[in-house]
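First the structure, in the form of structure tokens, and then the observations on it.
In mature numbering (1 follows the signal peptide of the UniProt record, and there is no 0), the protein residues as written are -19 to -1, 1 to 304.
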């Protein structure tokens, strides 16, 4: 009898700990709503508009469900502490449903200054790890040592020098005639001191530093079905003593590394693709990264089994990732 009562108590606790569902819709939602339904009904019942609001009202073990409206979510979000964590049997979940989290902003037309010939420059808010997008794709980047080498830029190419973005236009065109965006927000998703979190089926792009940063003291973190592309430093960075799993995901077009590990962190990569089209597949500083059961060594990424190297044709687009 005591065993039965104990079992019923555990079942009751588990059922109550599974948390609520919070619905987010960045087109039809309203942050004054409760987020308790995907559709509107009476009063404040209906989806909220921002992931930031969802995380603010979330409790341990909740599920945040994003609507894929076709319009990117223009936010930079942080998960921190107990309310943004879950249990082993009931993790906190962000279900992306294929939505996009985007950190870009248009380059102001009056922000460009003429330098020489067809070369113009722009001063971004953050002076390092930048990306310049042309028509929603990372433009072709060239590395130069200093401004004396600006002549190396070909039309529609760019470089980052002395904290400035330099872009060469086509002949007789100004930079304002192009649809140019830059990485204006710092990091797409930051996780700090959270446990038992799943982020699923989400694209994170156009952030100045990292698409996703599992910063410190994060455990049992699963990133599943993630595409993290076109970010200034890395697609995913795992640091401190954090433990994370990257599953069935795609990282590419990032500036310094696709997957980055530092400190005493451990990252397990399963059935995922790390493109070496713009930067090494992995970068680690004392961290442990395991890809499909093989631990990454200090050898270059191309000498191990963890990466796919793309050798684009000279006339190939700057970014091989589909948009």
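Quick reminder that beta carbons are idealized off the backbone N, C-alpha and C, glycines included.
Taking 6 angstroms as the limit between beta carbons, can you name the residues of its chain near residue i, skipping five residues before and five after?
i           : result
residue 225 : 195, 202, 219 and 248
residue 259 : 234
residue 1   : 43
residue 145 : 102 and 104
residue 210 : 186, 233, 234 and 302
When you compare the CB of residue i with every CB in chain B, is at least one pair closer than 8 angstroms?
i           : result
residue 236 : The question asks about chain B, but that chain is absent: this structure has only one protein chain.
Quick check: residue i and residue j, are their CB atoms within less than 8 angstroms of each other?
i           : j           : result
residue 234 : residue 251 : no
residue 204 : residue 227 : yes
residue 114 : residue 187 : yes
residue 81  : residue 54  : yes
residue 263 : residue 238 : yes
residue 31  : residue 7   : yes
residue 138 : residue 62  : no
residue 206 : residue 229 : yes
Going along the chain, which residues of its own chain have a beta-carbon closer than 7 angstroms to the beta-carbon of residue i, five neighbours each way excluded?
i           : result
residue 35  : 3, 5, 16, 29 and 45
residue 135 : 149
residue 33  : 56 and 58
residue 49  : 78, 79 and 80
Take residue i and list the residues in its own chain whose beta-carbon comes closer than 8 angstroms to its own, dropping the five residues that flank it on each side.
i           : result
residue 68  : -3, 41, 42 and 177
residue 281 : With a pLDDT of only 46 at residue 281, under the threshold of 50, the placement of this residue in the model should not be trusted, and no figure is reported.
Is it buried or exposed, residue i, if we count other Cβ atoms within 10 angstroms and call 16 or more buried?
i           : result
residue 26  : exposed
residue 97  : exposed
residue 78  : exposed
residue 293 : Annotation note: pLDDT 37 at residue 293 (below 50); position unreliable, coordinate value reported separately. Residue 293 is exposed by the Cβ-count criterion.
residue 171 : buried
residue 83  : buried
residue 94  : exposed
residue 66  : buried
* **Stretch-stretch touch, CB-based, cutoff 8 angstroms, three pairs: the region 233 to 247 with the region 264 to 272** => yes
* Can you check the region 8 to 82 for any alpha helix (DSSP H) of at least 4 residues that lies completely inside it and give the ranges in chain order? => 32 to 38
* Just checking, does the region 99 to 115 make contact with the region 58 to 73 on the three C-beta pairs under 8 angstroms criterion? -> no
* Asked: Should the region 134 to 152 be regarded as contacting the region 184 to 194, the criterion being three or more beta carbon pairs within less than 8 angstroms?
  -> Segments in contact, no.
* Sequence ranges, beta strand (DSSP E) only - wholly within the region 91 to 137, length at least 3 -> When DSSP assignments are scanned along the region 91 to 137, the uninterrupted stretches of beta strand (DSSP E) that are 3 or more residues long and fall wholly within it turn out to be 94 to 97, 100 to 103 and 113 to 115.
* How do the region 80 to 87 and the region 161 to 176 stand: do at least 3 beta-carbon pairs fall below 8 angstroms, yes or no? -> Output reads yes: the region 161 to 176 touches the region 80 to 87.
* Asked: Which ranges does the beta strand (DSSP E) cover as unbroken runs of at least 3 residues, wholly within the region 142 to 191, from first to last along the chain?
  -> 145 to 149, 161 to 164, 170 to 173 and 176 to 186
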